[in-house]
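Numbering (my numbering), first residue to last: 434 to 898.
The C-beta atom is built at its ideal place from N, Cα and C for all residues, glycine as well.
Predicted model, so just to flag it, every value in this text is computed and none were measured.
One structure below.
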Amino acid sequence: MSEEPVNQSVIWQPQPGPQEMLLTCPVEEIFFGGARGGGKTDGVIGSWLGHAGRHGAHARGIVFRRSMSELDEVQSRMMEVFPALGARYKAAIRVWEMPGGAVLRLRFLDSDEDATKYQGHAYSWMAFDEAGNWPTPKAIDQLRACLRSVHGVPIQLILTGNPGGVGHNWLKARYIDPATPMTPFQGPDGSMRVFIPSRLEDNRLLMEKDSQYANRLKSSGPAWLVRAWLEGDWNTVAGGMFDDVYRPSVHEVEPFEIPRSWIIDRSFDWGSSKPFSVCWWAESDGTEATLKDGTKKSWPRGTLFQVAEWYGWNGQPNEGCRMLAVEIARGILEKEKDIFPGRKVVPGPADNSIFDAENGMCIADDMGRIGVHWERSNKSPGSRRTGWEAMRKRFKACLTSPMEEPGLFTFNTCRSGFIRTVPTLPRDQHNPEDVNTASEDHCADSVRYRCLYVRAVAFSQPFRL
Ligand SMILES: Nc1ncnc2c1ncn2[C@@H]1O[C@H](COP(=O)(O)OP(=O)(O)OP(=O)(O)O)[C@@H](O)[C@H]1O
Ligand SMILES: [Mg+2]
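What follows is the structure, given as structure tokens:
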């Protein structure tokens, strides 16, 4: 006989630990989870039950998943819990009517544009289960505007997610980096946010009911991803293409004056609705450079420094600024006059698509007329994989002392493109040798072109990948 009396009327209750904290946390925006099987979806369900219980008919809720099949998963778990509480489900419109009059909608949202359909709606509680499946927070931020209550109900936004997905970078930047877990902090819009971590080991009910779950999880994905899921480790950039070879303290260096004998060139990844990325490179020829503190240093010939960048975004992750090719070309020439006075900048590689002629227009020609020329990047079969490997090899070369092979560094001023997006680039879960192309990979593409680029005759130099 158990010591505590069992309350037969309890249909659902939070598990001690993270779920309990989620249900009692008053912070407006909560990121919950960070690992697989940690009780996230049940946490969302419980959070809604608490909200509906507290505010009755004034509670208006909505749960989003990215796809219809994902939403079915949430719906079936609710089917196990809600009817026993007296809730009625209107399946045709995917709406739960709770006994006290609260209403909960279940929706999927697979395109950012669909977020606009909710303009004018008002919700007091909103949840995005597996928010890491959205490549950017755009739709979430847009829908956030629907959080309001004319009845004075305290509004709440709950997100759940795991590391290693397409949304790894923005989730990490938004919730993991700003503060230690369980410490509320102010977001850029002034609202309070908090990260409540929960791991598989916190989901004791699942561990007891299904002791093989962890083992099955281990065989359900590549080892690096499973490790990230189980440990809920975001800080080592779990699942990143470069997490094991990139160290900010090594690869991000203070700007220094580029020796006259080094070549400066640029690489380019085109984008309009998505960001474009111009990277300027200084390539060491082995001669010494003078660092800011006056010390002299040399690197193996062929070592690349990204010395400047122009990341064409509108300030929102993975959103471009829709500039015309001619405007970008003019901008490049202006910036070069400023950044490299008296120095020659030679053409480097660009995304091959800019050479395609469409309706008689060709981006490379448009830019060429302004005086900005590009070389074709390597697009042989397998060049993506070879390119990432070349970048990894160069990053790794920087970790040995003394360096023996050409490395890859960035000036620590290149923050919007390189430092923000390259080190945390997630791998493709189905093809771990490639990056997830739905993630913000534009600067990385531009870096990759440069790492695979072999300069033609006019500037011939021995070059190793
Ligand atoms: N408070 C609870 N009461 C009863 N069962 C629970 C509770 N929390 C979790 N569980 C059980 O654990 C299972 C897994 O939890 P849940 O689906 O919430 O985890 P998750 O973190 O969303 O998992 P995934 O990463 O696979 O989406 C649930 O289906 C349910 O059976
Ligand atoms: Mg879940």
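Hey, could you find the ends of the beta strand (DSSP E) residue i is sitting in?
i    : result
M559 : W558 to F561
V496 : R493 to R498
G594 : Q589 to G594
E462 : E462 to G466
K523 : R521 to K523
T843 : L841 to F844
Go to residue i, then tell me how far its alpha helix (DSSP H) extends in each direction, as first and last residue.
i    : result
T819 : S816 to A830
D799 : I796 to I803
M512 : M501 to V514
I433 : An answer regarding residue 433 cannot be provided, because it is not within the stretch 434 to 898 covered by the chain.
Y646 : Y646 to K651
N602 : H601 to L604
Y882 : H875 to L885
G484 : Note that residue 484 corresponds to His in the displayed sequence, not to Gly. First-last of the alpha helix (DSSP H) with H484: K473 to H488.
E769 : A758 to I772
P451 : P451 to T457
K571 : K571 to R577
Could you check if residue i is buried or exposed, using at least 16 other CB atoms within 10 Å of its CB as the buried criterion?
i    : result
Y882 : buried
V583 : exposed
D726 : exposed
P447 : buried
G676 : First, the residue type needs correcting, since residue 676 is Asp and not Gly in the sequence shown. Flag for D676 reads buried.
A656 : exposed
H684 : buried
M531 : buried
D562 : buried
K642 : exposed
D784 : buried
G467 : buried
H601 : buried
L757 : exposed
G815 : exposed
N864 : exposed
F618 : exposed
What distance in whole Å lies between the Cβ atoms of residue j and residue i, which are believed to be in contact at a cut-off of 8 Å?
i    : j    : result
F709 : H875 : 7 Å
E873 : P750 : 6 Å
M836 : C884 : So it is not a contact: roughly 16 Å between Cβ atoms.
F465 : K473 : 6 Å
L542 : F497 : 5 Å
V920 : I803 : Residue 920 falls outside the range modelled here, since the chain spans only 434 to 898, and no answer is possible.
Taking only runs of the beta strand (DSSP E) that begin and end inside the segment 662-704, which ones reach a length of at least 3 residues, in chain order?
696-702
By C-beta, the residues closer than 5 Å to any heavy atom of ligand 2, given in chain order:
K473 and T474
Every unbroken beta strand (DSSP E) inside the segment 528-560 [3 residues or more]
528-530 and 536-541
In the segment 702-751, which residue ranges form an unbroken beta strand (DSSP E) of at least 3 residues, counting only runs that do not cross its ends?
Counting only runs of 3 or more residues that sit fully inside the segment 702-751, the beta strand (DSSP E) segments are 709-716 and 737-745, in chain order.
Ranges of the alpha helix (DSSP H) found wholly within the segment 607-643, counting only runs of at least 4:
637-642
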